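These notes are about the structure you will find just below.
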Ligand code: ZN
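Numbering (the working numbering), first residue to last: 198 to 331.
Written out as structure tokens, the structure reads:
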């Protein structure tokens, strides 16, 4: 089946994130001065206002905090509405993403998840999360 998921919208601040996703890696941005980890990427640390940033590799493991299924208007690029979730990553930051390989009624609060990557129409990759296999 060919990919229908839209390509990421790349900016100078998030290009490193999408380049890592293309390699199958989940990365974040940490302040090189105070160590605060932030997502989404931004040019200045909101905690100490430093512009010294460093890329860090993330484990890709976390827990589902909340989730929803946006049905109206119909999301572009999806045959079925995706499950949109806020995932608490084990490194302490959060990421809005999609849940895959799980039925909506099987999702539970704090459910452990791990990152996988789904292809886009233009051949890029997007990090999404699935339940941790037991
Ligand atoms: Zn900082």
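In this text, a Cβ means the ideal position worked out from N, Cα and C, and glycines have one as well.
Because the structure is a prediction, the values reported are computed rather than measured.
Can you tell which of the options has the C-alpha that lies nearest to the C-alpha of residue i?
i, options, result
"residue 200", "266, 318, 327, 328", "318"
"residue 246", "233, 305, 306", "233"
"residue 288", "205, 242, 227", "227"
"residue 348", "299, 206, 210, 250", "Shown here, the chain extends from 198 to 331; a query on residue 348 therefore has no answer."
"residue 176", "240, 308, 295, 325", "Lying before the first or after the last residue shown, residue 176 is absent from the chain, which here runs from 198 to 331."
Please indicate yes or no: does the CB of residue i lie closer than 7 Å to some heavy atom of the ligand ZN?
i, result
"residue 217", "no"
"residue 233", "yes"
"residue 210", "no"
"residue 247", "yes"
"residue 285", "no"
"residue 271", "no"
First and last residue of the beta strand (DSSP E) that includes residue i?
i, result
"residue 285", "280-286"
"residue 322", "322-328"
"residue 294", "291-296"
DSSP has residue i in a bridge; who is on the other side?
i, result
"residue 228", "250"
"residue 316", "322"
"residue 256", "Its beta-bridge partners do not exist; DSSP assigns none."
"residue 311", "258, 327"
"residue 263", "283"
"residue 234", "227"
Which class does residue i belong to by DSSP, given the choice of helix, strand or coil?
i, result
"residue 205", "coil"
"residue 361", "With the chain covering 198 to 331 only, the question about residue 361 has no answer from this structure."
Over what stretch of residues does the alpha helix (DSSP H) that includes residue i continue unbroken?
i, result
"residue 219", "212-219"
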